[in-house]
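Residue numbers (the working numbering): 24 to 166.
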């Protein structure tokens, strides 16, 4: 069963991190690319935001699908196949999971330009959160 407390805690943290990222975006691309301290803030907030989304996706997928995600990106695809989120959105979120892996494991090769581009796609994480909130309001699947 989807534990509303587990999910809502992560959605609150996701929302908090997205608000921080939106503030960073207000400074503009040139400031972001030129300032390593701003980049570090952006990378950490983005990493945690994506991780929150992954955690929620894994939790919901365990309840809503017989399929077991093979990796973090697959958790979003499973939600797409289960009809929890749109499949196109699931594909974009799978790409975000790949970026999370770069931020965590390939941190020496992080491209600030690529991260900046992803900061323009924060709406995908908001769409996921909205879909999950609707799911929580609807309650467990009937069958």
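Don't be surprised by glycine CBs; every beta carbon is placed ideally from N, CA and C.
Neighbour-count burial assignment, residue i, 16 or more Cβ in a 10 Å radius
i	result
residue 92	buried
residue 68	buried
residue 14	Beyond the ends of the chain as shown, which are 24 and 166, falls residue 14; an answer cannot be given.
residue 57	exposed
residue 147	buried
residue 138	buried
residue 101	buried
Anticipated Cβ contact below 8 Å, residue i with residue j, distance rounded
i	j	result
residue 44	residue 55	11 Å between Cβ atoms; not a contact.
residue 71	residue 40	5 Å
residue 120	residue 141	With 8 Å as the limit, residue 120 and residue 141 do not qualify as a contact, their Cβ atoms being about 11 Å apart.
residue 66	residue 126	5 Å
Beta-carbon spacing of residue i, residue j below 8 Å
i	j	result
residue 145	residue 73	no
residue 99	residue 113	yes
residue 25	residue 151	no
residue 96	residue 117	yes
residue 94	residue 103	no
From the options, residue whose alpha carbon lies closest to that of residue i
i	options	result
residue 51	153, 135, 101, 94	135
residue 167	120, 107, 41	The requested residue 167 does not occur in the structure, where the chain is confined to residues 24 to 166.
residue 181	49, 77, 64	Outside the displayed range of the chain (24 to 166) lies residue 181, so it cannot be described from this structure.
residue 105	88, 111, 115	88
residue 29	82, 61, 38, 143	82
residue 64	27, 42, 35, 80	42
residue 153	90, 101, 79, 124	79
residue 37	49, 61, 62, 75	75
> Taking the runs of the beta strand (DSSP E) that are 3 residues or longer, which of them lie wholly in the stretch 125-155?
Replying inline: none
>> I'd like the ranges of any alpha helix (DSSP H) spanning at least 4 consecutive residues and lying wholly in the stretch 39-127.
In response: 52-57, 59-87, 95-104
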